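A.B. asks:
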Amino acid sequence: MSVHLHWFLPTGGDGRTLVDRHAYTDGGIRRDRITPVSGVRAPDIEYLAQIAKAAEQLGFEAVLTPTGTWCEDAWLTTVALTQVTERLKFLVAFRPGVISPVLAAQMAATYQRISRGRLLLNVVTGGDSTEQKRFGDHLDHDRRYARTDEFLQVVRGVWGGRPFDFQGEHYQVEGGLTALPPDPLPQIFFGGSSPAAGPVAARNVDVYLTWGEPPEQVRQKIEWIRGLAEKEGRTVRFGIRLHTISRDSSKEAWATAHRLLDDLDPDTVAAAQQALGKSESVGQQRMLALHGGSRDKLEISPNLWAGVGLVRGGAGTALVGSHAEVADRIEEYHSLGIEHFVLSGYPHLEEAYWFGEGVRPELAARGLLDAVPSPTAGVPAANGRPASAPGGAPLLIAGGR
945 MSVHLHWFLP TGGDGRTLVD RHAYTDGGIR RDRITPVSGV RAPDIEYLAQ
995 IAKAAEQLGF EAVLTPTGTW CEDAWLTTVA LTQVTERLKF LVAFRPGVIS
1045 PVLAAQMAAT YQRISRGRLL LNVVTGGDST EQKRFGDHLD HDRRYARTDE
1095 FLQVVRGVWG GRPFDFQGEH YQVEGGLTAL PPDPLPQIFF GGSSPAAGPV
1145 AARNVDVYLT WGEPPEQVRQ KIEWIRGLAE KEGRTVRFGI RLHTISRDSS
1195 KEAWATAHRL LDDLDPDTVA AAQQALGKSE SVGQQRMLAL HGGSRDKLEI
1245 SPNLWAGVGL VRGGAGTALV GSHAEVADRI EEYHSLGIEH FVLSGYPHLE
1295 EAYWFGEGVR PELAARGLLD AVPSPTAGVP AANGRPASAP GGAPLLIAGG
1345 R
């Protein structure tokens, strides 16, 4: 079982700080309790293309693109980026409650043809009622998961290439059809820590994602989902969502982590914790419990730092240490059954290089990675010499058009 490395595409903006440019008070609409944010980078397509190209060059398999009020649309942004990349896959996050499952199946099929098979899907059921209501979704937490269950059944049904009927509480479909099913079928990623989420994962998804909890908690989650899947006669693979701060020495890495905390004043942390504490997401509550809103004892497990979660929702922990130490922790999670590592860091462009040039060779040396195709593969030779050799034809990294 090899490790699959993925990076993150910050379509809500990026920067050199943990302070979210969108603020937390009142859902980010008012900004009266938030420290002014500096060093922010707008999520324009040119900057996102830099990150996507860097991720591809550094050997990441895919990039996760988030969804939500403060993000650029994941489908439109990533399909544009398929045109400036060659191999990179796009893990597109979307909310099943705001789109027809038949339309989503059709969109995925079209995407696969445009991208030549580079789509992965991240289904986000949603744990914040305020956010859901912005999109016209008024279901409660557990009913949202029940709807996701039906949604995924319909998507897989219409991908079969024949008319598909479905009668459920949330969807009624007659003759649903994707005339040209996607090839290959996109892998479906999904996360959720509540009792309502587990059976949905067991019945429908390819990869179950957890946020970066300590290894023992991750082991328990894996056993929980694996047991549910076995009852359904299925096998589910596992992934984890983490930030990284990797440097040439442990001292440098921790100094970077501490510098990120220096940007946070008590009012900013308090406002973030107040807003995040209202989330209905069980996973979010588990993230908050790791640090309890305190800056003390943020290293909650060796090289696992909960500082990100002081002010940011979602993935709230980072692997911090030397390249070898970060590789050790990845190997530890891998030994528990984690295959997919969805990683990120601030800023995402620079941290992609720190990880790709530092940790990735460590993992390769341990035999945990599959070989990445060379960018020169398939490039014609000139005068009997490889295109990359001195005097040969120019080396062209094609734009994917």
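Each residue of the sequence shown is one higher than the last, beginning at 945 in my numbering.
Even glycine gets a Cβ: it sits at the ideal position worked out from N, Cα and C.
Just so it is clear, the structure is predicted and the values come from calculations on it, not from any experiment.
Leaving out the 5 sequence neighbours to the left and right, which residues in its chain are closer than 7 angstroms to H950 when beta-carbon positions are compared?
C.D. replies: So the list reads F1004, E1005, A1006, V1007, L1008, L1035, H1284, F1285, V1286, L1287, once near-sequence residues are dropped.
A.B. asks: Here's a check: name, in chain order, each residue in its chain whose Cβ is nearer than 8 angstroms to the Cβ of S946, leaving out the five neighbours to either side.
C.D. replies: For S946, where only same-chain residues beyond five positions count, the Cβ hits under 8 angstroms are E1283, L1312, L1313, D1314.
A.B. asks: Please report the distance separating the alpha-carbon of V1067 from that of Q1229.
C.D. replies: Rounded to whole angstroms, V1067 to Q1229 spans 19 angstroms at the Cα level.
A.B. asks: Figure out for me which residue from A998, H948, S1073, T1013 has the closest Cα to the Cα of T955.
C.D. replies: Nearest option by C-alpha distance: T1013.
A.B. asks: Cα separation between T961 and S1266?
C.D. replies: Going from the Cα of T961 to the Cα of S1266 covers about 21 angstroms.
A.B. asks: Skipping 5 residues on each side, what residues in its chain have a beta carbon closer than 7 angstroms to that of S1073?
C.D. replies: Cβ neighbours of S1073 beyond the five flanking positions: E1224.
A.B. asks: With a CB to CB cut of under 7 angstroms and the five nearest residues on each side skipped, what residues in its chain are close to W1103?
C.D. replies: Cβ within range, chain order: A1049, T1122, P1125, P1126, L1129.
A.B. asks: Going by the CB atoms, is the gap between A1250 and G1258 shorter than 9 angstroms?
C.D. replies: Cβ distance not < 9 angstroms, so G1258 and A1250 don't count as in contact.
A.B. asks: In angstroms with no decimal places, state the Cα-to-Cα distance between F1133 and V1303.
C.D. replies: The alpha-carbon atoms of F1133 and V1303 are separated by roughly 24 angstroms.
A.B. asks: Buried or exposed, going by whether 16 or more other CB atoms sit within 10 Å of the CB of K1165?
C.D. replies: So K1165 counts as buried.
A.B. asks: Nearest-angstrom Cα distance between A1262 and P1210?
C.D. replies: Roughly 21 angstroms separates the two Cα atoms.
A.B. asks: Are L1232 and L1220 closer than 9 angstroms when you measure CB to CB?
C.D. replies: Yes, the Cβ-Cβ distance between L1232 and L1220 is below 9 angstroms.
A.B. asks: CB-CB under 7 angstroms to P1045, same chain, minus the five flanking residues each way: which ones, in chain order?
C.D. replies: Once the five neighbours on either side are set aside, the close Cβ partners of P1045 are F1095, V1098, V1099, Y1115.
A.B. asks: Ordered along the chain, which non-local residues of its own chain (more than five positions away) have a Cβ less than 7 angstroms from that of E1075?
C.D. replies: So the qualifying residues of the chain are G1012, T1013.
A.B. asks: Under the three-state reduction of DSSP, which class applies to L1186: helix, strand or coil?
C.D. replies: L1186 falls in the strand class under three-state DSSP.
A.B. asks: Relative to the C-alpha of L1307, which residue among Y1277, A1268, E1294, Y1290 is closest?
C.D. replies: Nearest C-alpha to L1307: A1268.
A.B. asks: Assuming D1296 and I1043 are in contact, meaning their beta carbons sit under 8 angstroms apart, how far apart are those beta carbons, in whole angstroms?
C.D. replies: The sequence given here places Ala at residue 1296; Asp does not occur at that position. The pair is not a contact, with the Cβ atoms about 30 angstroms apart (cut-off 8 angstroms).
A.B. asks: What did DSSP end up calling V984 once you bin it into helix, strand or coil?
C.D. replies: Of the three classes helix, strand and coil, the one that applies to V984 here is strand, per DSSP.
A.B. asks: A993: which of H1292, P1305, Q1111 sits nearest, CA to CA?
C.D. replies: Checking every option, the nearest Cα to that of A993 belongs to H1292.
A.B. asks: Just to confirm my understanding: we take Q1131, look at its own chain, exclude 5 residues before and 5 after, and list those with CB closer than 8 angstroms. What are they?
C.D. replies: The answer, listed in chain order, is L1064, L1065, D1150, V1151.
A.B. asks: Which residues in the same chain have their Cβ closer than 7 angstroms to the Cβ of R1163, if we skip the five residues on either side of it in sequence?
C.D. replies: The residues are L1280.
A.B. asks: In the structure shown, what three-state DSSP assignment does P1324 receive?
C.D. replies: Because the pLDDT of P1324 is 39, which lies under 50, any placement of that residue in the model is unreliable, and the number read from its coordinates should be weighed accordingly. If DSSP states are grouped into helix, strand and coil, P1324 belongs with coil.
A.B. asks: What residue range is occupied by the uninterrupted alpha helix (DSSP H) comprising F1004?
C.D. replies: Premise fails: F1004 is in no alpha helix (DSSP H) and is neither H nor E.
A.B. asks: Within 10 angstroms of the Cβ of P1040, are there 16 or more other Cβ atoms? Answer buried if so, exposed if not.
C.D. replies: Buried, because 16 or more other Cβ atoms sit within 10 Å of the Cβ of P1040.
A.B. asks: What is the rounded straight-line gap between the Cα of L1234 and the Cα of D1093?
C.D. replies: Approximately 29 angstroms, taken between the alpha carbons.
A.B. asks: In or out: G1171 buried (at least 16 other Cβ within 10 Å) or exposed?
C.D. replies: Under this definition G1171 is an exposed residue.
A.B. asks: Using a Cβ-Cβ cutoff of less than 7 angstroms, which residues in the same chain neighbour L1205 once the five nearest sequence positions on both sides are dropped?
C.D. replies: Excluding positions up to five away in sequence, the list reads R1239, G1251.
A.B. asks: Pick out the complete beta strand (DSSP E) segments inside the stretch 1150 to 1238, 3 residues or longer, and give them in chain order.
C.D. replies: You should have 1151 to 1155, 1181 to 1191.
A.B. asks: Going by the CB atoms, is the gap between S1137 and H1085 shorter than 9 angstroms?
C.D. replies: No.
A.B. asks: What is the DSSP secondary structure of G1302, counted as helix, strand or coil?
C.D. replies: The answer is helix: DSSP assigns G1302 an H, G or I state.
A.B. asks: DSSP puts H948 in a beta bridge; with which residues?
C.D. replies: DSSP, once it has assigned bridges, lists H1284 as partnering H948.
A.B. asks: Where does A1018 land, buried or exposed, given buried means 16+ other C-beta within 10 angstroms?
C.D. replies: Buried is the call here.
A.B. asks: DSSP three-state label for P954, please.
C.D. replies: Three-state DSSP puts P954 in coil, outside helix and strand.
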